[in-house]
Amino acid sequence: MTGANRLRFDFSSPKLANSGTSNPVHSSYITIHMVPPMNAPPLQLAILVAKDSPEKFDAVPTRIEKEGNSLETAVRKFRMAAYLWQAFTAEQMYRHKLGRRVFRFEEEWVTGSCNQRDKELGTMRSEARIHIVRTDKTVAEIRDLERAQQCSKATKKGDLFNIAADAVKNHLKPLPGQKHYVSVLILDAHWDKASKTITGHAALGGNAGDLHLAIFGSHCLQSYPSGFEEVAPAFTDCTPTDLNYVANDCNDSGSSWEAANIGIGAHLHETGHLFGCPHQESGIMLRDYVTLNRSFVAREAYSTRTKSKGGLVTQADECAWHRLDCLRFRSHPSFRLPHDAVLNPDGSVQAWPVENGHIMVTAATGISFIELYPEGDDVCHSWIEYGLENSPIQRSVDLKEQELRAHLPANKRRLKLKVCIKSHGGGNLDIEDFGDLCSKNSSFKLPSGKMAFRGKKLGFSQMENTQQQEFVFTSSIHQNRVLSRIVFYHGFALDGLEFFYDNNESQLFGKRGGKPGGDTFDMGIYAFFALGHIGGITLTSYRHPTRRIHHGLLRAVRCLG
6 MTGANRLRFD FSSPKLANSG TSNPVHSSYI TIHMVPPMNA PPLQLAILVA
56 KDSPEKFDAV PTRIEKEGNS LETAVRKFRM AAYLWQAFTA EQMYRHKLGR
106 RVFRFEEEWV TGSCNQRDKE LGTMRSEARI HIVRTDKTVA EIRDLERAQQ
156 CSKATKKGDL FNIAADAVKN HLKPLPGQKH YVSVLILDAH WDKASKTITG
206 HAALGGNAGD LHLAIFGSHC LQSYPSGFEE VAPAFTDCTP TDLNYVANDC
256 NDSGSSWEAA NIGIGAHLHE TGHLFGCPHQ ESGIMLRDYV TLNRSFVARE
306 AYSTRTKSKG GLVTQADECA WHRLDCLRFR SHPSFRLPHD AVLNPDGSVQ
356 AWPVENGHIM VTAATGISFI ELYPEGDDVC HSWIEYGLEN SPIQRSVDLK
406 EQELRAHLPA NKRRLKLKVC IKSHGGGNLD IEDFGDLCSK NSSFKLPSGK
456 MAFRGKKLGF SQMENTQQQE FVFTSSIHQN RVLSRIVFYH GFALDGLEFF
506 YDNNESQLFG KRGGKPGGDT FDMGIYAFFA LGHIGGITLT SYRHPTRRIH
556 HGLLRAVRCL G
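6 is the number of the first residue of the sequence shown in the numbering used here; add one for each residue after it.
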């Protein structure tokens, strides 16, 4: 909770005398002060409800009698699960020596629901807000088998993501350019005993434009804790899963505590996708969340999944966020801390070949890490980190192919190498064939005798009748020509750029599509100077007598080739 949090730890043992919780001999206290990073965009939580929903989630009769299965109960359980995500992630970032950083939640002032005392006394607190988002779809449409992700014959497995995205956008009504990070629980998910399928459920995460979204069903919700006092009991409850009422998701949740693992952990996995994490070789972004309970209890209960009796849990036994996930989080705006330095608004990464087969990489916000993918690898096993906590930020790096390949296993060093470069501003640059970019194929001689270097191709070449285009700037060949303005032709995407010189001659890169006449960037009184030969051209930038180099133009020019 925001502010001072005084925690009491009680120790009891049958070998030691103890007069109860009032005995101070076996109790210790720690006070933790929590200051929310209000400068970071929050993770928003939402429950998706069909327009004719009964507002109930799957639960066995004894659970319904004990705590109910209403929307109100769903809100408490989902909120508590989200707090477990937050606590787990904060601890993982700290263990990776990346600081006490974690995403925050959008909050509201409500009657406290996360501990029994608040509920009994009616204490008001600022707690994570759960948006109730109503879709225009019916329960029948939500539970359509054609939309069930786990139904092998389903033809519309991605529909629930689109339905959730449309409903969330309609609910939040974001303005153009506003980014939202929203994790959604689908309340009307349901175990269909007849077809043995979880309907109304999909485990998906990604983005729909500026909406970064994760979705997951409510089929495991009955096993979630609804308050702090219930966390340990929830993760040690061995009650068998009753398939007459609730699902055994992927046959990994044969007991109540294992169902809590799957539901809370798999939804966290999708929230990882929401924050930009791909699948990894290990950790939450693989399927290690089946042991999420180990981060919250000292002993594990009997597991129906592994048929093991459980026992003492050590830190080495816990699941984790992969190191690469934590490095991504370090650069994500939702994980920023108040004392973090202000970042350059240009988060992009640039790379181009230079002499001696080297590749120069630059990023205005600094280079965070580089992933290495030898041919055949779908997940990253080798990477290089830059600018760790309290160390200088590296804004430029000279990459050599031999040095990169030295980080790979010996049997993969001769394979085609893909390199993915990440910046501290969240930018990304993929070089599909690093060896080709730094080879002799990337260079040629200009008529003046100087060497020029081809840059990384701009665009994906996926449209029909796409033609490769390459040219050398006139100012590279005729030194008396000066670039005077650039016209950008665009609609929703960039169609082309036209470079005009002081004699009104021009060179067109791409096509004159989109907005008629395009948008003009007039160089005005800026002076030019040569920086190097990139993308088959002489790279130029401009400088005002009292201003710094304009990096935006550098980026536009470097992309050509």
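Just so it is clear, CB atoms sit at the ideal spot from N, CA and C, and this is done for glycine as well.
| Query | Result |
| --- | --- |
| Is Thr525 near Arg486, with beta carbons less than 9 Å apart? | no |
| State buried or exposed for Thr311, treating a residue as buried only when at least 16 other CB atoms are found within 10 Å of its CB. | exposed |
| Give me the Cα-Cα distance between Pro230 and His274, rounded to the nearest whole angstrom. | 19 Å |
| Indicate the three-state DSSP secondary structure (helix, strand or coil) for Asp164 in the structure shown. | helix |
| Out of Phe476, Pro59, Gln49 and Thr94, which has the shortest C-alpha to C-alpha gap to Phe83? | Gln49 |
| Quick check: the stretch 300-318 against the stretch 249-262, are at least 3 beta-carbon pairs closer than 8 Å? | yes |
| Can you check whether the C-beta of Phe476 is within less than 9 Å of a C-beta belonging to chain D? | You won't find chain D in this structure, because it holds only one protein chain. |
| Where do the N-terminal and C-terminal ends of the beta strand (DSSP E) with Leu248 fall, by residue? | Element bounds for Leu248: n/a, residue is neither H nor E. |
| Hey, quick one: how far does the alpha helix (DSSP H) through Arg68 stretch, first residue to last? | Pro66 to Glu72 |
| Based on the DSSP secondary-structure assignment, which residues constitute the bridge partners of His195? | Thr204 |
| I'd like to check one pair, Ile375 with Val424: are the Cβ atoms closer than 9 Å? | yes |
| In three-state DSSP terms, what is Ala153? | coil |
| Excluding the 5 residues flanking His386 on each side, which residues of the same chain have their C-beta closer than 7 Å to its C-beta? | Glu286 |
| Out of curiosity, what's the CA-to-CA distance linking Val567 and Ile52? | Missing from the structure shown is residue 567; the chain here goes from 6 to 566 and no further. |
| Considering only residues of the same chain and omitting the five flanking positions on each side of His284, which have a CB-CB separation below 8 Å? | Met290, Leu291, Asp383 and Val384 |
| Could you check where the alpha helix (DSSP H) with His278 kicks off and where it finishes? | Ser261 to Leu279 |
| Figure out for me which residue from Asp215, Lys461, Gln183 and Ala194 has the closest Cα to the Cα of Ala64. | Ala194 |
| Hey, Ala325 and Thr276 are a contact pair by Cβ (cut 8 Å); roughly how many whole angstroms apart? | Their Cβ separation, rounded to whole angstroms, is 15 Å, which puts Ala325 and Thr276 out of contact at 8 Å. |
| Could you check what DSSP says for Asn361 in three-state terms: helix, strand or coil? | helix |
| Taking Cβ to Cβ, would you say Gly352 is nearer than 9 Å to Gly432? | yes |
| With the cut-off set at 9 Å, would you say His429 and Ala368 are in Cβ contact? | yes |
| Across which residues does DSSP place Ser32 in a beta bridge pair? | Asp15 |
| Could you give the C-beta distance for Ile372 and Gly392, rounded to a whole number, given that I count them as a contact under 8 Å? | 7 Å |
| Taking buried to mean at least 16 other C-beta atoms within 10 Å of its own C-beta, is Thr204 buried or exposed? | buried |
| What number of angstroms, rounded off, separates the C-alpha of Tyr186 from the C-alpha of Glu70? | 35 Å |
| Is Leu513 near Gly501, with beta carbons less than 9 Å apart? | yes |
| When the Cα of Met43 is compared with those of Pro338, Lys462 and Phe497, which residue comes out closest? | Pro338 |
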